[in-house]
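A.B. asks:
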Ligand code: SF4
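Protein chains in written order, with our numbering: chain A, 277 to 701; chain B, 23 to 185.
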């Protein structure tokens with residue numbers, strides 16, 4: 277019987293010919309990831325279990341990205357636990373300060389996460405690496421501790437859900453809109469415990485940035501992982517970055533799926549997820565007039581160079597509306613430097629934006645842009661739960677970077693087409 | 023393993039930001055986390071909750087981030103168990119790994135009110151409501167090794183005890 281790409285990767289890492297949905301397996305991991313929020317607990321658990329050595333110092337990756345540069349004493353203590361551990365175990369991949377970026381953007385960019393890998397991370401958006409054709413899933417800190425210690429972890433083989441994408445996306449419709457649209461259709465647990473496999477003719481047209489944003493948000497539908505089979509776009513992205521060899525798997529033609537969902541992306545318009553669930557989406561034309569206080573462009577969903585270029589293209593020669601704050605956070609040092617070299621920072625600064633060093637920051641209401649009671653933000657992030665970006669009485673609307681930029685200029689949720697009459701400086 | 027306690031009810035899709043808001047996870051101290059547990063749903067929850075109380079919720083409990091601070095906060099706040107219609111995947115693993123007992127029950131949610139007393143029998147796979155007209159609900163029993171794991175206080179303590 278045929279297997280899906282997810283099943284093949286799991287089988288290969290479990291040393292089996294075949295796995296099928298529901299099967300419990302013990303599998304080898306290629307990367308075990310933790311960050312400043314989840315790693316300190318994992319490190320404590322590692323020690324509780326009597327751990328003295330990590331299974332492979334090249335494969336344990338620790339990134340200080342959430343509350344860094346350390347926003348207060350508590351955060352500094354957490355990062356110190358991680359730094360001491362990285363030093364003690366001589367980890368190859370420890371990132372802090374000017375080397376650190378948001379983990380899920382950094383790992384693909386640095387060629388650490390690769391096609392065919394089995395990756396676990398103590399962060400729910402670890403599923404992002406599925407864009408490269410890896411099996412990647414979020415786990416808790418204790419699971420991370422077990423993986424750091426043994427290099428293995430148990431898994432229940434998920435059923436797969438096939439998402440067939442056809443058509444050509446209209447202007448201003450990105451991967452972010454496609455995944456928001458899908459979450460809106462199936463709900464926040466519509467893919468619970470499953471693998472979401474993206475296929476169809478439209479996939480070839482999706483850039484790696486689009487795919488990463490889509491795989492990033494599959495957890496918002498409850499999925500265990502999201503995956504794209506590697507193709508020419510993947511190869512282009514990976515070949516000069518990869519730090520080791522990698523493997524491209526693909527689903528068999530007779531692989532079995534729990535369900536199939538067909539989506540014609542040419543019928544999608546830019547999507548906005550209303551508070552307080554990512555599934556609460558509306559097409560931009562149905563949003564109405566919603567005034568906003570803050571716009572945040574960044575995060576592991578949309579803090580990539582492509583996103584910043586798109587936003588800058590609209591902000592060039594225009595200004596952020598009075599009493600609206602625009603915060604831009606390039607996700608990694610490489611993106612930061614390139615955006616600066618390309619002149620994007622001048623555009624952002626001229627428009628009145630704040631540019632922060634790479635960090636999760638505002639995405640989780642940590643620092644660098646926390647909301648007050650009653651404030652509304654448009655964010656290019658992935659979650660709009662109660663209190664996600666600050667006060668429990670604040671509101672977060674999720675959108676793509678073009679909508680975010682247009683909204684910043686107009687002071688209300690708006691699409692880029694509405695900027696036509698807006699004078700440039 | 024038998025647990026009995028007073029019910030706190032929450033709805034569907036209780037996410038980890040609600041269980042413990044991100045603004046507090048710059049610490050992993052269980053007592054600090056417990057003090058802010060469920061704060062955005064009910065600012066006084068941590069003050070009102072008593073050791074042994076049980077949370078009853080709808081679908082997809084624990085969705086959202088992977089923060090293990092969520093089961094840790096619940097446990098440290100005194101919550102003895104969570105009974106939900108369903109759980110989000112990462113929370114499900116982490117609850118067991120941190121020694122917080124959780125149970126899936128499809129129809130209990132409609133049958134109980136906040137403040138009711140219920141008894142959970144993890145070995146027999148049964149929940150019984152207390153009061154004049156006791157009702158019984160079947161749950162999946164927790165297998166012996168998982169009960170040992172919970173008794174040890176989590177996966178790592180359990181592994182250490184066994185090694
Ligand atoms: S950017 Fe936001 S969603 Fe992504 S890892 Fe950081 S906090 Fe989590």
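Glycine included, C-beta positions come from ideal geometry on N, C-alpha and C. Given the structure is predicted, the values throughout are model-derived calculations rather than measurements.
#1: Following a CB-centred definition, is residue 399 of chain A positioned closer than 7 Å to any heavy atom of the ligand SF4?
#2: Using only the heavy atoms of the ligand SF4, determine whether one of them is closer than 7 Å to the beta carbon of residue 555 of chain A.
#3: Shorter than 7 Å, the distance from the beta carbon of residue 488 of chain A to the closest heavy atom of the ligand SF4, or not?
#4: Please confirm if residue 572 of chain A has its CB atom under 8 Å from at least one CB of chain B.
#5: Which residues in the same chain have their Cβ closer than 8 Å to the Cβ of residue 49 of chain B, if we skip the five residues on either side of it in sequence?
#6: Would you kindly report the start and end of the unbroken alpha helix (DSSP H) that includes residue 381 of chain A?
#7: Sorted by chain position, which residues of the same chain lie with C-beta nearer than 7 Å to residue 668 of chain A's C-beta, five sequence neighbours on each side aside?
#8: Helix, strand or coil: which one does DSSP assign to residue 436 of chain A?
#9: Can you tell me the Cβ-Cβ gap for residue 592 of chain A and residue 685 of chain A, rounded? I've got them flagged as a contact below 8 Å.
#10: Are at least three pairs of beta-carbons, each pair with one atom in the segment 490-505 of chain A and one in the segment 405-421 of chain A, less than 8 Å apart?
#11: According to DSSP, is residue 568 of chain A helix, strand or coil?
#12: Where residue 377 of chain A and residue 485 of chain A are concerned, what is the direct C-alpha to C-alpha distance, given to the nearest angstrom?
#13: Measuring CB to CB, does residue 572 of chain A end up less than 8 Å from residue 655 of chain A?
#14: Are residue 672 of chain A and residue 629 of chain A close, meaning C-beta to C-beta below 8 Å?
#15: What are the start and end residues of the alpha helix (DSSP H) that includes residue 578 of chain A?
#16: Measure the CB-CB distance between residue 581 of chain A and residue 682 of chain A and report whether it falls below 8 Å.
#17: At a Cβ threshold of 8 Å, is residue 43 of chain B touching chain A?
#18: Identify the residues that DSSP records as bridge partners of residue 85 of chain B: which are they?
#19: Across which residues does DSSP place residue 652 of chain A in a beta bridge pair?
#20: Residue 158 of chain B CB to nearest chain A CB: under 8 Å?
#21: Against chain A, with Cβ distances strictly below 8 Å, would residue 177 of chain B count as a contact?
#22: Please confirm whether any heavy atom of the ligand SF4 lies closer than 7 Å to the CB of residue 342 of chain A.
#23: In chain A, which residues lie less than 7 Å from residue 35 of chain B when you measure between Cβ atoms?
#24: For residue 35 of chain B, count neighbouring Cβ atoms within 10 angstroms of its own Cβ and tell me buried if that reaches 16, exposed if not.
#25: Any contact of the segment 288-305 of chain A with the segment 428-437 of chain A, i.e. 3+ C-beta pairs under 8 Å?
#26: Taking the straight line between their C-alpha atoms, what separation do you get for residue 278 of chain A and residue 482 of chain A?
#27: Could you tell me the alpha carbon to alpha carbon distance between residue 349 of chain A and residue 52 of chain B, rounded to whole angstroms?
#28: Any beta-carbon of chain B closer than 8 Å to the one on residue 317 of chain A?
#29: Residues of chain A with a CB under 7 Å from the CB of residue 112 of chain B: which are they?
#30: What is the rounded straight-line gap between the Cα of residue 542 of chain A and the Cα of residue 552 of chain A?
#31: Using a Cβ-Cβ cut-off of less than 7 Å, give me the residues of the segment 74-102 of chain B that come near chain A, in sequence order.
#32: Of all the residues that make up the segment 51-74 of chain B, which are near chain A by a beta-carbon distance shorter than 7 Å?
#33: Which runs of the beta strand (DSSP E), 3 residues or longer, sit entirely within the segment 576-602 of chain A?
#34: In chain B, which residues lie with their C-beta within 9 Å of the C-beta of residue 433 of chain A?
#35: On a Cα-Cα basis, can you pick out the residue from A:440, A:676, A:318, A:508 that is closest to residue 396 of chain A?
#36: Which residues mark the beginning and the end of the alpha helix (DSSP H) in which residue 621 of chain A is found?
C.D. replies: The answer reads as follows:
#1: yes
#2: no
#3: Relative to the ligand SF4, the beta carbon of residue 488 of chain A is positioned no closer than 7 Å to any heavy atom.
#4: no
#5: 55
#6: 379-385
#7: 662
#8: strand
#9: So it is not a contact: roughly 11 Å between Cβ atoms.
#10: yes
#11: coil
#12: 16 Å
#13: yes
#14: Going by C-beta atoms, residue 672 of chain A is not nearer than 8 Å to residue 629 of chain A.
#15: Start and end: 575-578.
#16: no
#17: yes
#18: B:37
#19: A:671
#20: no
#21: yes
#22: yes
#23: 464, 553
#24: Looking at its Cβ environment, which holds 16 or more other Cβ atoms inside 10 Å, residue 35 of chain B is buried.
#25: yes
#26: 26 Å
#27: 17 Å
#28: yes
#29: 400, 414, 415, 416
#30: 27 Å
#31: 81, 82, 85, 86, 87, 88, 89, 90
#32: So the list reads 62, given in the order they occur along the chain.
#33: Unbroken beta strand (DSSP E) runs of no fewer than 3 residues, entirely contained in the segment 576-602 of chain A, are not found.
#34: Chain B residues near residue 433 of chain A: none, gap ~13 Å exceeds 9 Å.
#35: A:318
#36: 620-627
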